[in-house]
Structures are given as C-alpha cells and as structure tokens.
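I have placed the structure first, in the form of structure tokens, so that the comments after it can refer back to it.
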Amino acid sequence: MTQAKAGDTVQLHYTGTLSDGSVFDSSDGRDPLSFTVGAGQIIPGLDAAVEGMAVGEQKTVTIPSEDAYGDYQPEARQAVPREQIPEHIPLDPGTMLQMQTPDGNAMPVVVAEADESTVVLDANHPLAGKDLTFAVEVVAIG
C-alpha cells in the first residue's frame, strides 16, 4: 500500500476544530484539499501528520499553535489614529482590511477595536495562538 511521502500530491478530506469543539474549517461538501507533502503549502503540523498515511486511512491529530499558525504576537497589534484611515473604509471590529507594508507588500489585518480617535489593527492570523485538531482522511496519493 502506497504511503504519502515528501513530494507526493495528496488529496484529503478534513475537519478542523478548536479546543472547544467548534469547527473552524472543513472540506465537507467541497473537493478534497490537494497539496504536495513537504512543500510548505499547508501548516507544518498537518503536513507532517499526513506523511506516512495511506489512501483510505483516517486519523485525528492535534497540532500545537507553534506548528499551525504560530503563537499570538502582541506586537502585531497596532493602534492607528482614526484620521489616518479614509472615511469610506468600514471599521467595525472583526472587519478584514489590507495594509501595505513599508516595502510595498500587502498585509491582511483585522480591526480589533475602534473608537472616535483610535483604531487598533491586528496582523495576527485569526488562528494564531490556538491548538488545532484535524480529523483527516487521505482520499488520493499522486
């Protein structure tokens, strides 16, 4: 039986849950996730967990935050004077925005909080600092 190894293209169905059991993502009702093992296309912990699995094999694995989206970085939150943000941009907490870094790259941020004078933007991934559990099933290895 063929087992997934670095360089193989793997297709898998998955359900990702948080420690409280809530589902944050799933391939249910969609095509399976397709990626190359060991190529850095998915979070490192899940990539490592799939290596050695065979078609039809299922398992549940918990990925610590440092092997998922990293630890939460408080310094990735930044307070910006509200007048520096154009008035047409919505600033409701939870709104996803895109900032431009000094070197010209796009960086996604979330409005963490806003009042009349200040907007706090958070560049952490929404799942940063969270341990993630994945129930996976390998459906194809190419």
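Take the sequence shown: its letters are residues 1 to 142, numbered as in this note's numbering.
Each residue gets a CB set at the ideal place from its N, CA and C atoms; glycine is no exception.
What you are looking at is a predicted structure, and each value in this text was computed from that prediction instead of being measured.
Same chain, Cβ closer than 6 Å to residue i, five either side skipped, listed in chain order
i: Leu195; result: In the structure as shown, the chain begins at 1 and stops at 142. Residue 195 is therefore absent and cannot be evaluated.
i: Ser27; result: His13, Tyr14 and Leu33
Extent of the continuous beta strand (DSSP E) run through residue i
i: Ala79; result: Arg77 to Pro81
i: Thr2; result: Unbroken run through Thr2: none, as it is neither H nor E.
i: Asp25; result: Val23 to Ser26
Residues of its chain near residue i, where Cβ-Cβ distance is below 8 Å and the 5 sequence neighbours each way are ignored
i: Ile85; result: Leu91 and Val119
i: Val55; result: Met1, Thr2, Val138, Val139, Ala140 and Ile141
i: Glu87; result: none
i: Gln100; result: Ala106 and Met107
Cβ-heavy atom distance, residue i to the ligand MN, below 7 Å
i: Ser34; result: The ligand content of the structure shown is nil, which means the ligand MN is not present either.
N- and C-terminal bounds of the alpha helix (DSSP H) containing residue i
i: Asp47; result: Pro44 to Val50
Integer-rounded CB distance, given that residue j should sit under 8 Å from residue i
i: Asp71; j: Gly129; result: 5 Å
i: Pro111; j: Val50; result: One point to set straight first is that residue 111 is Val, not Pro, in the sequence displayed. No, Val111 and Val50 are not in contact; Cβ-Cβ is about 35 Å, not under 8 Å.
Whole-angstrom distance between residue j and residue i, CA atom to CA atom
i: Gln73; j: Val109; result: 13 Å
i: Pro81; j: His125; result: 22 Å
i: Val136; j: Met107; result: 30 Å
i: Asn105; j: Gln98; result: 10 Å
Neighbourhood of residue i by C-beta, 7 Å cutoff - its chain only, sequence neighbours within 5 removed
i: Gly52; result: Gln3 and Ala4
i: Val37; result: Ala4, Lys5, Ala6, Gly7, Asp8, Val10, Asp47, Val50 and Glu51
Item to check | beta strand (DSSP E) runs contained entirely in the region 83–122, provided each spans 3 or more residues | outcome: Whole beta strand (DSSP E) segments, 3+ residues: 96–100, 106–114 and 118–122.
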